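Engineer: After the structure tokens below, expect a handful of questions from me.
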Amino acid sequence: MAERVRVVRGWEWARPERPARREVLAAVPELDQAKPPLLFVPGFGHGAWAFAEHWLGHAAGRGFPAYALSLRGHGGSEPAPGATLRSYTHDVVQAAAGLPRQTVLVGHGAGARVVAHALARYPARAAVLVAPVLGGWGTFGTALRRNPAGTLPAVFGAGLRLNRRQLFSRELPDAEARRYVSRLGRAGRRAQWQLLTGRQPEPAVGRPPVLVLGSPDDRVVPAAALTRAARRYASAPLLFPGMGHDLMLDARWREPIDAILDWLDKDPTPAHG
Amino acid sequence: MSSSTDLGRPDPDPTVAPTRDGRPVSDRGDTVCVIGAGASGLTAVKNLREAGFGVDCYERETGVGGAWNWRHDRSPVYASTHLISSRPFTQFPDFPMPDDWPDYPHHAQLLSYFERYADHFDLRQHVWFGTEVVRVESVEGDRWDVTTRSTGGYGPERTSRYAAVVLANGHNWSPKLPRYEGLEQFRGEVMHASSYKDPAQLRGKRVLVVGAGNTGCDIAVEAAQQASRCWHATRRGYWYAPKYVFGRPADQVNDTLLALRVPLRVRQWLYHWTLRLTVGDLTRFGLPRPDHRVYETHPIANSQLVYYVGHGEITPVPDIARFGDRTVELTDGREIDPELVVFATGYLPRFEFLEGKVLGDADGSGRPRLWLNAFTAGHPTLAVVGLVQPDSGIFPISHWQSVLFARLLTLRTTHPDRAAAFGRRVAAGLGERYSAKVKDSTRHWFEVGHADYLRALQRALHDLEGK
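In structure tokens, the structure reads:
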């Protein structure tokens, strides 16, 4: 991670990101309990629907205003075949700054990488990285080993394909798993490449506390990668054995979201720095 | 995220109260005082809070937004005020404006942006509205006594002692009125641009607009549309840049060149050449030829001025020589008879609550001597935020100034050596400039090139962090 704060961003000022229509799904508690809003950012291929399935309603039930964003080119957002990591980051920061209060960013999969970039551009209340795919060639190696048929075409510009055995545990009924997999889309070709070769995220602004969680039985993110990701933010990962990569859709989706909300209820203090 | 200092409001606490002229002083411990809740004050509050400081912010008005809140009696905005720099240069770097807003938002949008910023980061709870600062005095241990009272002078004064002070009282509210011979006996109407609010004030009149700043040009354009006659008096020829070139906001095109590190001379040449292609030779309209190269005066971005000059709706004239009873004599000897004279002649900074020498203004000219336009020698716990006149947006600069100041305050306890080194850097760099050579005028006291300035600030930040 680059350590120095960047003040001058000439290129970004000179070439602002093109706006794109964003889909944001929401579940807001009936009574405002002064809890920070949550913004869920799905990973590549997923849309806001993945969180609308269980987590949004559950978080709202526990008093958190919950929002889920579809990155451009995903779900109900505007199609964007030329999207880059920067465009995705733009979408997240725009959605977060559009919420009424300082927001907790929750990124899943490659969405965690997007959140890591967004943290350098928006002082989040806190950040949660769920089964984070932070990119780099290690990620590529794992993906090739675990799912060569879905990964190799992506090298040549096709969409990255994930199969249901990677995404879900065997506890999830087959029919449901199939339904979810059929809803998967794809990320932009350039964004996929940038996941491997792009610049690492800049340091976060506003010292947000960061929680990393995942499953040791995740067939996309190996346990070692989880530990590495957590160490970046000076913590250890929370583990949920027996679950697949898509913790928010898997049969035992309730455990990780409860752990996240418990952590937030404890009002984590800002990181040192 | 709460600290021990943010719960209590400065109730005079007699147990620890030292006294000043027999009045109690409430000691606010490590709390920082921010003066003003405009754009710069708000970002100072936010960034100090983020760094863990308790903050008391005093605001003389009853709302946030400072100059950009048109309800405020010191607000200079008029009905048609729009941004001069486009969105990416004007928004806070960590809280972007909505991307469906126009490239150059209206002042009402700006105000809603600041209100949303205040609500998003929950800043209002730290602001004392309707409270003005009477005096700011240095006391031993680099601490500050701040005396406040209700706006308008009602109620008792109260004094609180702070660990540090941020001055964010703005510099576009105290009108600068030039002196002209005979102005007193002129029978027509005279106003400063600060009291210009609505084009209805111009309707059907013969109007003389003085000054070719961005405000002067805006008012001249409105006079062209509304008034029966419009003269536009300027001291010299200027470069009137359009707001769009090559189909993009002009400042974004300019920053493409800056990002490529194109040298100043080449940029000037390209700029002149681009203006020749878009606006053309202005002397054909009777406008004087600029006596300086572009970037040597504050940039004027106005696409409409030249358009209306070309339509004969604006008559460019030279500076005023003297006023008569009903007429105005110009320096070229011509006489004109305006009913209304609008002085768009700018503003002067004022820190009426602070002794001038604290900010290094030894000769009483009102011009502070600062490093990075923010830090003064000998007072490591004082910073001025937003006292810049950039060729771009002010708010990102205010943001980074307050980030830098918050880091400095943190380091004063954790790494006193680095904070001391910063103090030496301030003393050595007083009066440093961050722009191309500019024309000498009060208008350019705080002129900075945004790229040069932010690079210098970035260096200061990195030095401070020892990385």
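Line order of the protein sequences matches chains A and H.
Here the working numbering = 1-based position in the first sequence + 61.
Here the working numbering = 1-based position in the second sequence + 87.
Ideal placement from N, C-alpha and C gives every residue a C-beta, glycine not left out.
Treat the numbers as computed from the prediction; the structure is a model and nothing was measured.
Can you give me, in chain order, the residues of the stretch 535-549 of chain H that have a beta carbon less than 8 angstroms from any beta carbon in chain A?
Structural biologist: Listed by position along the chain: Ala-538, Leu-541, Arg-542, Leu-544, Gln-545, Leu-548 and His-549.
Engineer: Give the DSSP bridge partners of Asp-504(H), in chain order.
Structural biologist: As a first step, residue 504(H) must be located in the second sequence, where it is residue number 417. For Asp-504(H), which the question treats as bridged, DSSP gives no partner whatsoever.
Engineer: Rounded to whole angstroms, what is the Cα-Cα separation between Gly-108(A) and Met-304(A)?
Structural biologist: Counting from one through the first sequence, the residue named residue 108(A) turns up at place 47. Counting from one through the first sequence, the residue named residue 304(A) turns up at place 243. Between Gly-108(A) and Met-304(A), the C-alpha separation is close to 20 angstroms.
Engineer: Taking a Cβ distance cut-off of 9 angstroms, strictly less, list which residues of the stretch 165-199 of chain A are near chain H, in chain order.
Structural biologist: Correct list: Ala-181, Arg-182, Tyr-183, Pro-184 and Arg-186.
Engineer: Measuring only between beta-carbons, confirm whether Trp-74(A) sits less than 8 angstroms from chain H.
Structural biologist: By 1-based counting over the first sequence, the position of residue 74(A) is 13. Yes, Trp-74(A) lies at the interface with chain H (some Cβ there is under 8 angstroms from its Cβ).
Engineer: Could you work out which residues of chain H lie near Val-66(A), taking near to mean beta carbons separated by less than 7 angstroms?
Structural biologist: As a first step, residue 66(A) must be located in the first sequence, where it is residue number 5. Here the neighbours are Leu-548.
Engineer: Excluding sequence positions up to five away, which residues of its chain have a Cβ less than 7 angstroms from the Cβ of Val-221(H)?
Structural biologist: If you number the second sequence from 1, residue 221(H) lands on position 134. Excluding sequence neighbours, Val-221(H) sits near Thr-234, Thr-235, Arg-236, Glu-244 and Phe-440.
Engineer: Return the Cβ separation of Thr-176(A) and Val-194(A) in integer angstroms, given the expectation that the two are a contact with Cβ distance under 8 angstroms.
Structural biologist: Position 115 of the first sequence, counted from the first residue, corresponds to residue 176(A). Position 133 of the first sequence, counted from the first residue, corresponds to residue 194(A). In the sequence on display, residue 176(A) carries Val and not Thr. 11 angstroms between Cβ atoms; not a contact.
Engineer: Determine the contact status of Asp-419(H) and Arg-162(A), defining contact as a CB-CB distance below 8 angstroms.
Structural biologist: Counting from 1 along the second sequence, the entry for residue 419(H) is found at position 332. Counting from 1 along the first sequence, the entry for residue 162(A) is found at position 101. Taking 8 angstroms as the Cβ cut-off, Asp-419(H) and Arg-162(A) do not qualify as a contacting pair.
Engineer: On the CB-based measure, 16 or more other CB atoms within 10 Å of its CB, does Gly-123(H) come out buried or exposed?
Structural biologist: As a first step, residue 123(H) is located in the second sequence; it is residue number 36 there, counting from the start. Result: buried.
Engineer: Under 7 angstroms Cβ-Cβ, which residues of chain A neighbour Asp-206(H)?
Structural biologist: Here residue 206(H) refers to the residue found at position 119 of the second sequence. Residues of chain A passing the Cβ test: Pro-161.
Engineer: Any contact of the stretch 291-304 of chain H with the stretch 320-329 of chain H, i.e. 3+ C-beta pairs under 8 angstroms?
Structural biologist: Yes, they touch.
Engineer: Give me the DSSP bridge partner(s) of Phe-179(H).
Structural biologist: For this step, residue 179(H) is matched to residue 92 along the second sequence. DSSP output for Phe-179(H) lists Phe-182(H) as bridge partner(s).
Engineer: Pick helix, strand or coil for His-319(H), following the three-state DSSP scheme.
Structural biologist: By 1-based counting over the second sequence, the position of residue 319(H) is 232. It is a strand residue.
Engineer: Indicate the three-state DSSP secondary structure (helix, strand or coil) for Ile-171(H) in the structure shown.
Structural biologist: Here the question's residue 171(H) lines up with position 84 in the second sequence. In the structure shown, Ile-171(H) sits in coil (DSSP, three-state: anything other than H, G, I, E or B).
Engineer: Relative to chain H, which residues along the stretch 123-155 of chain A have a C-beta separation below 8 angstroms, given in chain order?
Structural biologist: Cβ contacts with chain H: His-151, Val-154 and Gln-155.
Engineer: Excluding sequence positions up to five away, which residues of its chain have a Cβ less than 8 angstroms from the Cβ of Gly-536(H)?
Structural biologist: On the second sequence, position 449 is the one that residue 536(H) refers to. Excluding residues within five positions, the ones whose Cβ falls inside 8 angstroms are Tyr-382, Pro-477, Asp-478, Tyr-521, Ser-522 and Ala-523.
Engineer: Span of the beta strand (DSSP E) holding Arg-222(H)?
Structural biologist: If you number the second sequence from 1, residue 222(H) lands on position 135. Element bounds for Arg-222(H): 218-226.
Engineer: Assuming Ser-489(H) contacts Ala-131(H) (C-beta within less than 8 angstroms), just tell me the rounded distance between them.
Structural biologist: If you number the second sequence from 1, residue 489(H) lands on position 402. If you number the second sequence from 1, residue 131(H) lands on position 44. About 4 angstroms separates the two Cβ atoms, so the contact holds.
Engineer: Please list, in chain order, the chain A residues whose beta carbon lies closer than 8 angstroms to that of Trp-487(H).
Structural biologist: The residue labelled residue 487(H) in the question sits at position 400 within the second sequence. Neighbours of Trp-487(H) on chain A, chain order: Val-68.
Engineer: Cβ-heavy atom distance between Ala-113(A) and the ligand ADP below 7 angstroms?
Structural biologist: As far as ligands go, the structure on display features none, and thus does not contain the ligand ADP.
Engineer: For a minimum of 3 consecutive residues, which ranges assigned as the beta strand (DSSP E) are wholly contained in the stretch 285-357 of chain H?
Structural biologist: Whole beta strand (DSSP E) segments, 3+ residues: 293-297 and 316-320.
Engineer: Going by CA-CA distance only, name the one from Gly-510(H), Val-121(H) and Val-340(H) that's closest to Arg-248(H).
Structural biologist: Here residue 248(H) refers to the residue found at position 161 of the second sequence. Closest by alpha carbon: Val-121(H).
Engineer: For Val-266(A) versus Tyr-294(A), is the C-beta spacing smaller than 8 angstroms?
Structural biologist: For the purposes of this step, residue 266(A) is taken as the residue at position 205 of the first sequence. For the purposes of this step, residue 294(A) is taken as the residue at position 233 of the first sequence. No; because the gap between Cβ atoms is not below 8 angstroms, this pair is not in contact.
Engineer: If contact means a Cβ-Cβ distance below 7 angstroms, which residues of the stretch 318-339 of chain H contact chain A?
Structural biologist: Result list: Gln-339.
Engineer: Can you give the Cα-Cα distance for Asp-206(H) and Leu-345(H), rounded to whole angstroms?
Structural biologist: Locating residue 206(H) in the second sequence gives position 119, where the first residue counts as 1. Locating residue 345(H) in the second sequence gives position 258, where the first residue counts as 1. Spanning the two alpha carbons is a distance of roughly 35 angstroms.
Engineer: What does DSSP give as the partner residues of Pro-234(A) in its beta bridges?
Structural biologist: Mapped onto the first sequence, residue 234(A) falls at position 173. DSSP, once it has assigned bridges, lists no residue as partnering Pro-234(A).
Engineer: Residues of chain H with a CB under 9 angstroms from the CB of Val-266(A): which are they?
Structural biologist: As a working note, residue 266(A) is residue 205 in the first sequence. Correct list: Glu-137, Pro-180, Asp-181 and Val-490.
Engineer: For Val-340(H), which residues of its own chain have a beta-carbon under 7 angstroms away from its beta-carbon, when the five flanking residues on both sides are left out?
Structural biologist: For the purposes of this step, residue 340(H) is taken as the residue at position 253 of the second sequence. Val-332 and Phe-333, listed in sequence order.
Engineer: Based on the DSSP output, what are the partners of His-279(H) in its beta bridges?
Structural biologist: As a working note, residue 279(H) is residue 192 in the second sequence. His-279(H) is bridged to Phe-430(H).
Engineer: For a cutoff of 8 angstroms on Cβ pairs, would you count Asp-93(H) as touching chain A?
Structural biologist: The residue given as residue 93(H) occupies position 6 in the second sequence. The pLDDT assigned to Asp-93(H) is 44, lower than 50, so where the model puts this residue is not dependable; a value taken from the coordinates is nonetheless given after this. Answer no: the Cβ-Cβ gap between Asp-93(H) and chain A never drops below 8 angstroms.
Engineer: Quick one: list the residues of chain A neighbouring Phe-176(H), beta-carbon separation under 7 angstroms, in chain order.
Structural biologist: As a first step, residue 176(H) must be located in the second sequence, where it is residue number 89. Going along chain A in sequence order, the residues near Phe-176(H) (Cβ under 7 angstroms) are Trp-74.
Engineer: Enumerate in chain order the residues of its own chain whose CB-to-CB distance from Trp-532(H) is below 8 angstroms, with the five nearest sequence positions on each side excluded.
Structural biologist: Counted from its first residue, the second sequence places residue 532(H) at position 445. Same-chain partners within the cutoff: Pro-436, Arg-454 and Gln-476.
Engineer: Name the residue from Glu-114(A), His-151(A) and Leu-99(A) whose alpha carbon lies nearest to the alpha carbon of Tyr-128(A).
Structural biologist: Along the first sequence, read from residue 1 onward, the residue named residue 128(A) stands at position 67. Of the candidates Glu-114(A), His-151(A) and Leu-99(A), the one whose C-alpha sits nearest the C-alpha of Tyr-128(A) is Leu-99(A).
Engineer: Using a cut-off of 7 angstroms between C-beta atoms, extract the partners of Ala-346(H) located in chain A.
Structural biologist: Reading the second sequence from its first residue, position 259 is the one you call residue 346(H). Those are Gly-71, Trp-72 and Ala-75, listed as they occur along chain A.
Engineer: Which residue's Cα is closest to the Cα of Leu-198(H): Asp-412(H), Phe-482(H), Leu-427(H) and Gly-116(H)?
Structural biologist: By 1-based counting over the second sequence, the position of residue 198(H) is 111. With distances taken between Cα atoms, Leu-198(H) lies closest to Phe-482(H).
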